[in-house]
Amino acid sequence: MGTLQLIENYFWNKTYRKSFNDLAQATFGLDFEVWYQKRYFKGKYKSYAYAIDEEIIANVSANEMCVVINGEEKKAIQIGTVMTREDCRGNGLAARLMDHVIKVYEDQCDFIYLFANKTVLEFYPKFGFKPIMEISYRLKAEDIRKQESMIIELQSGTHFTERLIERLINNRTPISNKWGIVQDNWPLEVYCKDGFKDNLYYIKDEDIMIIAIREAKVLHLYDVLSSKPFVLDDLLERIVIQEDEEIEFHFIPELVRYIPISTRIKREDDTLFIRGLTLTESQDVLFPMTSHT
Numbered sequence: 001m002g003t004l005q006l007i008e009n010y011f012w013n014k015t016y017r018k019s020f021n022d023l024a025q026a027t028f029g030l031d032f033e034v035w036y037q038k039r040y041f042k043g044k045y046k047s048y049a050y051a052i053d054e055e056i057i058a059n060v061s062a063n064e065m066c067v068v069i070n071g072e073e074k075k076a077i078q079i080g081t082v083m084t085r086e087d088c089r090g091n092g093l094a095a096r097l098m099d100h101v102i103k104v105y106e107d108q109c110d111f112i113y114l115f116a117n118k119t120v121l122e123f124y125p126k127f128g129f130k131p132i133m134e135i136s137y138r139l140k141a142e143d144i145r146k147q148e149s150m151i152i153e154l155q156s157g158t159h160f161t162e163r164l165i166e167r168l169i170n171n172r173t174p175i176s177n178k179w180g181i182v183q184d185n186w187p188l189e190v191y192c193k194d195g196f197k198d199n200l201y202y203i204k205d206e207d208i209m210i211i212a213i214r215e216a217k218v219l220h221l222y223d224v225l226s227s228k229p230f231v232l233d234d235l236l237e238r239i240v241i242q243e244d245e246e247i248e249f250h251f252i253p254e255l256v257r258y259i260p261i262s263t264r265i266k267r268e269d270d271t272l273f274i275r276g277l278t279l280t281e282s283q284d285v286l287f288p289m290t291s292h293t
């Protein structure tokens with residue numbers, strides 16, 4: 001067996017990148033090569049890994065994010081793609097990489113955060129991360145004063161849709177000034193062009209794109225992309241239909257006329273951990289789903 005090497009920002013190396021992608025597919029079922037070839041990362045996704053004989057055996061990635069909290073932009077790092085090859089687990093490699101990444105970024109950002117599944121909830125507190133309960137927001141659809149509206153269901157892959165996505169992503173206003181994201185072409189472009197590519201809707205007269213899914217009479221609202229401020233209440237009145245019974249917001253909704261029901265929730269398979277940020281008891285926290293890496 002060769003020497004253990006710590007390598008950084010190695011995606012330019014085709015051999016390392018393929019090894020990383022093989023490990024990511026085996027661990028998470030994700031194909032990063034497609035995203036790399038489409039240049040989705042925009043220089044904001046940086047990987048740190050241990051390699052032996054040009055094979056990636058453990059990795060921790062850092063995602064540069066701009067988080068808006070109570071109207072103030074904060075520089076943050078979202079940790080992701082924490083993985084170790086199965087035959088190399090139990091040797092502390094992920095822990096050593098976590099220590100390294102924290103040392104690299106803790107003086108360059110306002111805070112560091114990540115989302116963890118239930119199998120590693122005891123791992124991250126060792127590095128100073130604290131679990132944070134996010135908020136769930138729901139609203140009865142019957143409370144919404146519905147209006148007739150012309151909404152275009154976008155077709156994925158067309159020139160119009162691709163250009164629209166890119167323009168709105170690059171010029172977006174935060175979905176929430178209480179807790180939102182800006183400058184988020186990574187990872188938002190992946191959600192728009194891949195994960196939610198068949199769930200995009202456009203309101204032409206407002207130049208607004210909505211990411212939404214209807215499921216079991218619940219309208220799941222994931223994001224609203226607009227280059228200018230908008231009134232969310234007005235959008236709800238235009239997009240809610242008679243068959244909808246409830247709206248679930250996957251971000252903090254800033255409503256004027258309607259009052260959603262908010263509940264603190266514990267997501268064991270998607271628990272938020274934050275390091276380096278002090279929050280008040282009254283601070284509502286919910287990272288937009290489209291910002292998860």
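When we follow the UniProt record's numbering, the leftmost residue of the sequence shown carries the number 1, and every step to the right adds one.
Glycine included, C-beta positions come from ideal geometry on N, C-alpha and C.
Note that the structure is a prediction, hence the values are computed from the model and not measured.
In terms of residues, what are the limits of the beta strand (DSSP E) holding residue i?
i, result
"Thr-263", "261–265"
"Met-83", "72–84"
"Tyr-105", "Not the beta strand (DSSP E): Tyr-105 falls in the alpha helix (DSSP H), residues 93–105."
"Tyr-222", "218–226"
"Leu-200", "200–203"
"Phe-249", "246–249"
For residue i, does the three-state DSSP call read helix, strand or coil?
i, result
"Trp-12", "coil"
"Thr-271", "strand"
"residue 294", "The requested residue 294 does not occur in the structure, where the chain is confined to residues 1 to 293."
"Pro-131", "strand"
"Ser-291", "helix"
Given residue i, which residues of its chain have a CB within under 8 Å of its CB, disregarding the five upstream and five downstream residues?
i, result
"Asn-177", "Val-68, Asn-70, Gly-71 and Glu-254"
Which stretch, first to last residue, makes up the alpha helix (DSSP H) that contains residue i?
i, result
"Ile-165", "159–170"
"Ile-239", "232–239"
"Leu-114", "Looking at the DSSP string, Leu-114 is not in any alpha helix (DSSP H); the run it does join, the beta strand (DSSP E), is 111–116."
"Val-34", "32–37"
Thinking residue i and residue j are a contact (beta carbons under 8 Å), I'd like their distance in whole angstroms, please.
i, j, result
"Glu-73", "Thr-15", "38 Å between Cβ atoms; not a contact."
"Asn-284", "Ile-252", "Looking at the sequence provided, one finds Asp at residue 284 rather than Asn. Contact flag correct, Cβ pair sits at about 6 Å."
"Phe-129", "Phe-20", "No, Phe-129 and Phe-20 are not in contact; Cβ-Cβ is about 24 Å, not under 8 Å."
"Tyr-48", "Leu-97", "6 Å"
I'd like to know whether the C-beta atoms of residue i and residue j end up nearer to each other than 8 Å.
i, j, result
"Tyr-137", "Phe-249", "yes"
"Trp-186", "Lys-42", "yes"
"Asp-22", "Ala-141", "no"
"Asp-184", "Ser-61", "no"
"Leu-232", "Ile-208", "no"
"Thr-271", "Phe-115", "yes"
"Glu-246", "Leu-139", "yes"
"Cys-109", "Ile-181", "no"
"Val-240", "Lys-146", "yes"
"Ser-227", "Arg-163", "no"
Please return the same chain residues whose Cβ sits closer than 7 Å to the Cβ of residue i, not counting the five positions on each side in sequence.
i, result
"Leu-4", "Tyr-50 and Ile-52"
"Glu-268", "Lys-118"
"Trp-35", "Phe-41 and Val-190"
"Thr-27", "Met-83"
Using C-beta distances below 6 Å, list every residue in its chain close to residue i, excluding the 5 sequence neighbours before and after it, in chain order.
i, result
"Thr-278", "none"
Please decide whether residue i counts as near chain C, where near means a Cβ-Cβ distance under 8 Å.
i, result
"Arg-85", "Checking the listed chains, one finds no chain C in this structure; it contains a single protein chain."
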